Amino acid sequence: MRLLAGVLAWALAFAPVVVQAKSVFAHFMVGNTKSFVLNDWVQEIAYAKAARIDAFALNIAYDDYVTQLQLPLAFSAAEAVGFKLFFSFDYAGNGPWPKSEVISMISYYAASSAYFQYNGKPFVSTFEGPERSEDWTDIKASTGCFFIPDWSSLGAKDAWALGTADGLFSWEGWPNGPNNVSTYGDASYFMYLDGAPYMAPISPWFYTNMPGYNKNWLWRGDDMWFDRWQQLIVGELQPEFVQIISWNDYGERQDLRYPFGPEYGKAPYNYVKNMPHDGWRQFLPFVIELWKTGTATVETEGITAWFRPNPATACSDGGTTGNTATQLQLEFQPQEIVQDKVFYSALLGSDATVTVFIGGRSIPGDWSNKPYGNVGVFHGSVNTGGAGGNVIVRITRGGSTVMETSGKGAISAGCANGLTNFNAYVDAGTGGSSGKKTPKAIKDLVPIAGTGVNEFVKLCEFTCKYAYCPEAACTATKFGDAIELPDPTGVIAYPAEGKSAAFGGLCRFACNLGYCPEDLCSLVEKPTYEGDVSPFVQPACTSGTATGDLQGLCSYACNWGFCPIHACTCLSTGPLHLPTPEQEGDIKTAVTTDGSPDYGLCLFACSRGYCPKPCFVPPKLPVLSPDPGNDGDSIGYTLLSVLSDYTLVRMWASASDEVEDALAEQTCSVGKRATYRRHASRHGVTTRDLEKRASDPCLHSTVAALLGSPKLVSMLVGLYRGNPIPGVALGVSQLPGYATSVMTNTFINGLSTASN
Ligand SMILES: *[C@@H]1O[C@H](CO)[C@@H](O)[C@H](O)[C@H]1NC(C)=O
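When you line the sequence shown up against mature numbering (1 follows the signal peptide of the UniProt record, and there is no 0), it's residues -21 to -1, 1 to 735, in that order.
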């Protein structure tokens, strides 16, 4: 056997990566812990430790009262058992964090023995916030922190160019369109970081339907939890950190827990209830060990299976899209993205047979992926073929059952509230044993299969088979002993004319082994592509149209990649047209005059200076009187959007005498206010409460009085300044019976009077 060129390249790529201490984190939404007591933290931390997770990345939004309540509990629970925590400052959830707050939070909590340290420095991350990048020069000087933000909205190149980060975290954990998850995002981070620490994302799923937060889309989950771990384990380039997105973001169903909620966001139905995700943690100790050390031992065998409770087209899709125009992605119908299958992974010490039962009907399964030597994680799926009923996945050897899933979850064509649920039900079983088995170490294996995207598929499939699977162009999917190379032809090849330079290595390698597709490779050196568009990006929408009122808006917005599938028809696709700087407006709200749905088109177009009928931008509010540290304009604006039932309930709940007196003149009975107050203090305020109150005459009369009373408006302003309400944006306009323009004018007058 000849020396395998690919193997050599592989080994070299491996050698210089001296990884100091790999760590796996899980993104943890502190905002979802409103009702936690100490013991809840103890429990979550115990689960995370059992899964071999090193730390929680605590997502904290600015000025959220839940943070201040819960952090002391979280840290004391973690200190008690030697678990670690660090902050992930969320700059999107509730606006940017002031620099001084960030400094005091880090200074205070970094002293805890539970705060995660990296090379002796407190470790700090973010969700977004690149516009505040300069703050970090001072924050780092004051706190000595190690700073590894997620600034994915800019992409690796521009985020790194800001110059204040010590490493970067990528949020690109999901596939775009009907595709498997890939490593192109990672490759771009590795390239620009050039050796600085990289934190790679991994997620099991994504489905959210929270119109209250303008979120209603899914990305393909399917095989992702298996595929992505595989990519991380065998990746040619190794990140130093992996962050699981997420531990408990139930609202986006990318979590690993048995959840509550979604309480907020005006979810049209509870897509979370009775849908556990805990089974996805079952093999974490094994895969994390394998990722960290390149070897791990199978002791107890197990099976994890997941599936959606309804076939994709069973009921109404509830307006959910595959991909989202809000991120300038080409949108799909959800059923074009998700596959009606039962997916399963099994941790086994030897080969076994898998069978899926749906409502008692048996479907023979097979493995799309088997680990080398049949020791490790096996994976596969079966089409449901329209079957309904409880789902059991059974592992057998020699005809006898080794183990099976609980079978508590079912698939049904009947949907709760008539809406298809795109969440996953995750089931698990355990109990098999093949004795203690340790698979061959990763470093002793090479890629023997792989794939790519767009024009790279064919070449990657060929070269990856022979261990040449460069991560910048291809994604390896299978590892094993090197396959013998075909005889070299001796030709030297280059990318074909106008093709990306990224084809260089692949053409050289493949053509020399006798596979030389003319459309991609050339035997003569030719000019390569010079433009800015990455050959790996998924196409965006580049033109579109609609019928009726939205025609003009669609033809404008689709041209810039914003082409919501429920309003517009995309007519052509290609590289995304990037906006010109003049198009970047600062308008934050735009709606249709008659309140009909516009799928975000009005905001997109009006904020870029094109604002045709039926769009309307609510007038700006007057600047309020002195307001240190904040500009009144934005407060007034925010107020308008949060002047909600929630605010009023908090006024009741806070029950200062002044507020009570002012409200007492209204038609609501004292008893009713007392009920609200009790409820608010005991349970917080749920979406259902808000919706109930939106049709409550007591609330309506209060709103009317509020708008007419300068005293109340000024109290409201004060209350709002003292207690901003995170994430709640049920606007006045959504209260039935109040025309937006009337409300706006009255409110503006009220505010002007109040601020004089
Ligand atoms: C996606 O991943 C699954 C599981 O690893 C695999 O069976 C399937 O072939 C992949 N699809 C493509 C198009 O690569």
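A virtual CB, placed ideally from N, CA and C, is assigned to each residue, including glycine. Computed from a predicted model, the values in this text were never measured in an experiment.
Nearest C-alpha to ILE85 among GLY74, THR105 and GLY72: THR105.
Counting only the Cα atoms, LYS194 lies some 20 Å from ALA395. It is roughly 7 Å from the alpha-carbon of VAL45 to the alpha-carbon of THR12.
Inside the segment 506 to 556, DSSP marks whole beta strand (DSSP E) runs of 3 or more residues at positions 519 to 524 and 548 to 553, from first to last along the chain.
Look at ASP460 here: in three-state DSSP terms it is coil, with no helix or strand label. For ARG340, the enclosing beta strand (DSSP E) begins and ends at 340 to 343. Inter-residue distance for PHE205 and MET254 is about 19 Å (C-alpha atoms, whole angstroms). For the segment 111 to 175, the continuous alpha helix (DSSP H) assignments of 4+ residues that do not extend past its boundaries occur at 114 to 122, 134 to 140 and 163 to 172, in sequence order.
Taking a 10 Å sphere around the C-beta of ALA446, we find 16 or more other C-beta atoms and assign the residue as buried.
Straight-line spacing of the CA atoms in ARG207 and LEU307 works out to 24 Å. For the 8 Å CB-CB criterion, HIS545 and TRP226 do not form a contact. By the Cβ criterion, the segment 427 to 437 is not in contact with the segment 316 to 331, since fewer than three pairs of Cβ atoms, one from each stretch, lie closer than 8 Å. Within the segment 423 to 468, complete beta strand (DSSP E) segments of at least 3 residues are found at 425 to 430 and 454 to 459, given in chain order. If you draw a straight line from the Cα of LEU263 to the Cα of PHE95, it comes to about 20 Å. In terms of Cβ geometry, PRO180 and ILE224 form a close pair [threshold 8 Å].
Approximately 5 Å separates the beta-carbon atoms of TYR351 and GLY459; this is inside 8 Å, confirming the contact. Taking one beta carbon from each stretch, the segment 125 to 145 and the segment 480 to 494 have fewer than 3 pairs nearer than 8 Å; the two do not touch.
The beta carbon of ASN402 is closer than 6 Å to those of TYR186, ARG232, TYR250 and MET254 in its chain, skipping five residues each way along the sequence.
The Cβ-Cβ distance between THR276 and LYS422 does not fall below 8 Å.
Under DSSP, no beta-bridge partner is assigned to HIS256. Under the criterion of beta carbons closer than 8 Å, THR552 and CYS520 qualify as touching, at roughly 6 Å. Our two residues, PHE68 and GLY477, have alpha carbons roughly 43 Å apart in a direct line. Looking at the DSSP output, PHE357 bridges to ALA325. A distance criterion of 7 Å places the beta-carbon of THR430 in contact range of ligand 1, judged by its closest non-hydrogen atom.
The segment 99 to 116 makes contact with the segment 125 to 144, as at least three CB pairs between them are under 8 Å. Taking a 10 Å sphere around the C-beta of VAL213, we find 16 or more other C-beta atoms and assign the residue as buried.
Going by C-alpha positions, SER385 is about 6 Å away from ALA407.
Counting only residues of its own chain and dropping the five nearest sequence neighbours on each side, TYR508 has a CB closer than 7 Å to the CB of GLY477, LYS478 and SER479. Under the three-state reduction of DSSP output, ILE337 falls in the strand class. By the C-beta density criterion, GLU383 is buried, having at least 16 other C-beta atoms within 10 angstroms. With at least 16 other beta carbons inside 10 angstroms of its own, ALA40 counts as buried.
With a beta-carbon spacing of about 6 Å, ALA34 and LEU64 fall inside the 8 Å limit used to define contacts. DSSP, reduced to helix, strand and coil, places THR332 within a strand of the structure shown.
The continuous alpha helix (DSSP H) containing TRP20 extends over residues 17 to 29.
Sequence-distant partners of GLU268 (beyond 5 residues in either direction) whose C-beta falls short of 6 Å from its own C-beta, in its chain, are ALA275. In this structure, TRP153 and THR300 do not form a Cβ contact; the two beta carbons are roughly 14 Å apart against a cut-off of 8 Å.
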